[in-house]
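Those protein sequence lines, which keep their order, are chains A and B. Here our numbering = 1-based position in the first sequence + 322. Here our numbering = 1-based position in the second sequence + 322. For each residue, glycine too, the CB sits at the ideal point set by N, CA and C. Here the structure is a predicted model, which means the values were calculated and not measured.
Number of protein chains: 2
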Amino acid sequence: MRKRPGNGAARPAGDEIGLDALIGHAGYAVRRFQIWIFQDFIRTLAAVDIRPTQYSVMTVIGANPGLTQMAVAKRLGIERARLVHLLNSLERRKLVKRIKSKSDRRSHALHLTAQGEASLDQFKRLAAEHERHVEEKLGKQNRARLLQILADFT
Amino acid sequence: MRKRPGNGAARPAGDEIGLDALIGHAGYAVRRFQIWIFQDFIRTLAAVDIRPTQYSVMTVIGANPGLTQMAVAKRLGIERARLVHLLNSLERRKLVKRIKSKSDRRSHALHLTAQGEASLDQFKRLAAEHERHVEEKLGKQNRARLLQILADFT
DNA sequence: AAAGAATGTTGTTGACGACAACAATTGTCG
DNA sequence: CGACAATTGTTGTCGTCAACAACATTCTTT
Numbered sequence: 323m324r325k326r327p328g329n330g331a332a333r334p335a336g337d338e339i340g341l342d343a344l345i346g347h348a349g350y351a352v353r354r355f356q357i358w359i360f361q362d363f364i365r366t367l368a369a370v371d372i373r374p375t376q377y378s379v380m381t382v383i384g385a386n387p388g389l390t391q392m393a394v395a396k397r398l399g400i401e402r403a404r405l406v407h408l409l410n411s412l413e414r415r416k417l418v419k420r421i422k423s424k425s426d427r428r429s430h431a432l433h434l435t436a437q438g439e440a441s442l443d444q445f446k447r448l449a450a451e452h453e454r455h456v457e458e459k460l461g462k463q464n465r466a467r468l469l470q471i472l473a474d475f476t
Numbered sequence: 323m324r325k326r327p328g329n330g331a332a333r334p335a336g337d338e339i340g341l342d343a344l345i346g347h348a349g350y351a352v353r354r355f356q357i358w359i360f361q362d363f364i365r366t367l368a369a370v371d372i373r374p375t376q377y378s379v380m381t382v383i384g385a386n387p388g389l390t391q392m393a394v395a396k397r398l399g400i401e402r403a404r405l406v407h408l409l410n411s412l413e414r415r416k417l418v419k420r421i422k423s424k425s426d427r428r429s430h431a432l433h434l435t436a437q438g439e440a441s442l443d444q445f446k447r448l449a450a451e452h453e454r455h456v457e458e459k460l461g462k463q464n465r466a467r468l469l470q471i472l473a474d475f476t
């Protein structure tokens, strides 16, 4: 017989709550960490209203001008259907432009506008600040190890 | 002057696409990894139709019977509003039951049903299989390091 | 006893992944 | 060459998820 209140009394949170099998699951730790890191990114770049996915799209386009939407979507692992909306938003803000391709009239060549390039520089500075928060949270060496461990997924 | 096709020719994906600043961002790597690991979890537990969040809720309740909904939500970092729907679903499946608390008539004491406990054992075996997939993907030592690095977020 | 806080519930919003269908265009292959 | 399949961008739906706001019921505080 276990000593336990007879199912009627709820336990608010006075004593510690064990996670049991969850502590051995990488996915659980990764999810919690991912929530934290995205919140910090969004907060750090709130002044420029840029979210992680938008930042990743602009960075890839900036480094590889002329890419197709399919190419960007594949490279970043996002749905091409979703990229359409992301680009619509970025294009409305004059940060990105779609140029109709001559060689393949189905596709668009993606480029940053002049304003987009200037803005991206600022975004990168803010993102670097966010990354310093990560370093403070994890420790310099742990962050480096983490990047190394997950390098295959990029 | 940069040598570059005159903005009209799109680049499908022939050559490699550089990630530029993204490779130095832990958040990007974590996001890609999280997508992979959740997909594997869902696939591995597809036969029992259990998703990561449902598994985490049942595991915590199983290890700490009588917890309040607020206590579970806080411990797992999920919205209490969201936990309501999760518990509705689990209760419909006769895996979890809400018992009205005598001491605090606002709250519910959460317990696994007998079927819930038996099912959770099976879920844990499948989750362990999923964790072996993670180990194969990352390497035994890298997975251990990852868990250690992110231990503070659990 | 009155004011305030906590708990569970309902609802809305927006980001996100997954999927299906479609038109326009290109590639393939008989 | 011409029929058929594949690709690209687009639109739409569905379900998951985090974040917030509002509410009734029930403690807690003062």
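query: Thinking C-beta only, is Thr375(B) closer than 9 angstroms to Leu398(B)?; result: yes
query: Apart from the five residues on each side of it in sequence, which residues of its chain come closer than 6 angstroms, Cβ to Cβ, to Ser429(A)?; result: Thr390, Ser423
query: To the nearest angstrom, report how far apart Asn410(A) and Thr381(B) are at their CA atoms.; result: 42 angstroms
query: Going straight from the alpha carbon of Ile471(A) to that of Pro387(A), what length do you get?; result: 29 angstroms
query: Taking the alpha helix (DSSP H) that Ile359(A) falls in, what are its first and last residues?; result: 348-366
query: Any beta carbon from chain B within less than 9 angstroms of Arg354(A)'s own beta carbon?; result: yes
query: Please tell me whether Ile471(A) has its Cβ less than 9 angstroms away from any Cβ of chain B.; result: yes
query: Roughly how many whole angstroms lie between the Cα atoms of Arg365(B) and Arg353(A)?; result: 17 angstroms
query: In the DSSP assignment, find the unbroken alpha helix (DSSP H) run with Leu434(A) in it and report its ends.; result: From DSSP, Leu434(A) is part of no alpha helix (DSSP H) but of the beta strand (DSSP E) over 430-434.
query: Indicate the three-state DSSP secondary structure (helix, strand or coil) for Arg415(A) in the structure shown.; result: coil
query: Under a three-way DSSP split, which group does Arg467(A) fall into?; result: helix
query: On the DSSP letters alone, give me the boundaries of the alpha helix (DSSP H) that Thr381(A) sits inside.; result: 374-385
query: Just grab the DSSP bridge partners of Arg420(A) for me.; result: Leu432(A)
query: Going by CA-CA distance only, name the one from Phe363(A), Ile357(A), Arg420(A) that's closest to His452(A).; result: Phe363(A)
query: Are Leu448(B) and Ala369(B) touching if we call contact CB-CB under 9 angstroms?; result: yes
query: Hey, would you say Val418(B) sits closer than 9 angstroms to Leu412(B), going by beta carbons?; result: yes
query: Give me the Cα-Cα distance between Leu469(A) and Met392(A), rounded to the nearest whole angstrom.; result: 26 angstroms
query: Using a Cβ-Cβ cut-off of less than 7 angstroms, list which residues of the region 454-468 of chain A approach chain B; keep chain order.; result: Val456, Leu460, Asn464, Arg465, Arg467, Leu468
query: Can you name, in chain order, every residue of its own chain whose Cβ lies under 7 angstroms from the Cβ of Val394(A), other than the five neighbours on each side?; result: Val379, Val382, Ile383, Leu405, Leu432
query: Does Leu341(A) come out as helix, strand or coil in the three-state DSSP assignment?; result: coil
query: What is the DSSP secondary structure of Leu389(B), counted as helix, strand or coil?; result: strand
query: What is the DSSP secondary structure of Ser441(A), reduced to helix, strand or coil?; result: helix
query: With the cut-off set at 9 angstroms, would you say Gln444(A) and Lys416(A) are in Cβ contact?; result: no
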